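Below is one structure, written out as structure tokens; the observations come after it.
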Amino acid sequence: MSQRSLRSSTPRLRGSFGPYVAALAVAAAALTATPALAAVPTPPPVGFNGHAGVDADAGRPGNAGPEAAGTVESAKTAETDAPAMTSGQYKGRVTARTGLLLRDRPSRGGRVIGSAEYGSIVHILCKTRGDEVNGNDRWYLLTDGNWAWGSAAYIENIGKAPRWC
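Add 530 to the 1-based position in the sequence shown for our numbering, that's all there is to it.
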């Protein structure tokens, strides 16, 4: 056979399609099962104490559960009528004169991953408890470009206090 005839002949396939066919079959099965998965109800929210289906603020001092406000149905109606708070709807102003250190977890021992200047406005997603800083154990999860924790001791709320994480 000449060199020219080798170039024009069709290449032989040597059974190398096995892994591709298997991957295609798995992908097709996953796409077929997707509508069934969409019908699965979402799990109930988990409260601050880790119990499913419990209002996150129900166990906190000064917060009565939905039973104190009336019936459970009225509390659920109020929840659905109120617009959901999304990232950036809670804001605060940095009050630390030297700037606020932003950390990877709500702890003074957390790794510093950034900082916010004095007087700058930060967007807050939610709050949680962590290490005490100047007698304040609240930490805010900030959403300004990075997901980082800042001590609430150095953030003054603008408007409503953030919800619990």
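Glycine residues also receive a C-beta, built at the ideal position from the N, C-alpha and C atoms.
Predicted, not measured: the structure shown is a model, and the values here were computed from it.
Asked, Found
"CA-to-CA distance, P692 to A678, given in whole angstroms", "15 Å"
"Spatial neighbours of Y620 in its chain, beta-carbon cut-off 6 Å, leaving aside the 5 residues before and after", "I654 and P692"
"Sequence-distant residues of the same chain with beta carbon closer than 7 Å to R668, five excluded per side", "K657, R659 and A682"
"Reduced DSSP category for A646 - H, G, I as helix; E, B as strand; rest coil", "strand"
"Beta-carbon spacing of V642, L672 below 8 Å", "no"
"Reduced DSSP category for A678 - H, G, I as helix; E, B as strand; rest coil", "strand"
"Residue environment, G675, which counts as buried when at least 16 other CB atoms sit within 10 Å", "exposed"
"Whole-angstrom C-beta distance between V624 and A646, which should lie under 8 Å", "5 Å"
"Secondary structure of A605, DSSP reduced to three states", "Bear in mind that the predicted position of A605 carries a pLDDT of just 40, short of 50, making it too unreliable to give a figure here."
"Environment of I685 [buried if 16+ CB atoms lie within 10 Å]", "buried"
"Beta-carbon contacts of G689 that lie in its chain and below 6 Å, excluding the five residues immediately before and after", "none"
"Option in C695, A626, R627 and G644 with minimal Cα separation from D634", "G644"
"Bounding residues of the beta strand (DSSP E) (the contiguous stretch that carries W669)", "N666 to L672"
"Strand pairing of A629, partner residues [DSSP]", "For the sequence presented, residue 629 should be read as Gly rather than Ala. In the DSSP output, where bridge partners are listed per residue, G629 has none listed."
"Y698 classed as buried or exposed, judged by whether at least 16 other C-beta atoms fall within 10 angstroms", "Residue 698 is absent from the structure shown; the chain starts at 531 and stops at 695."
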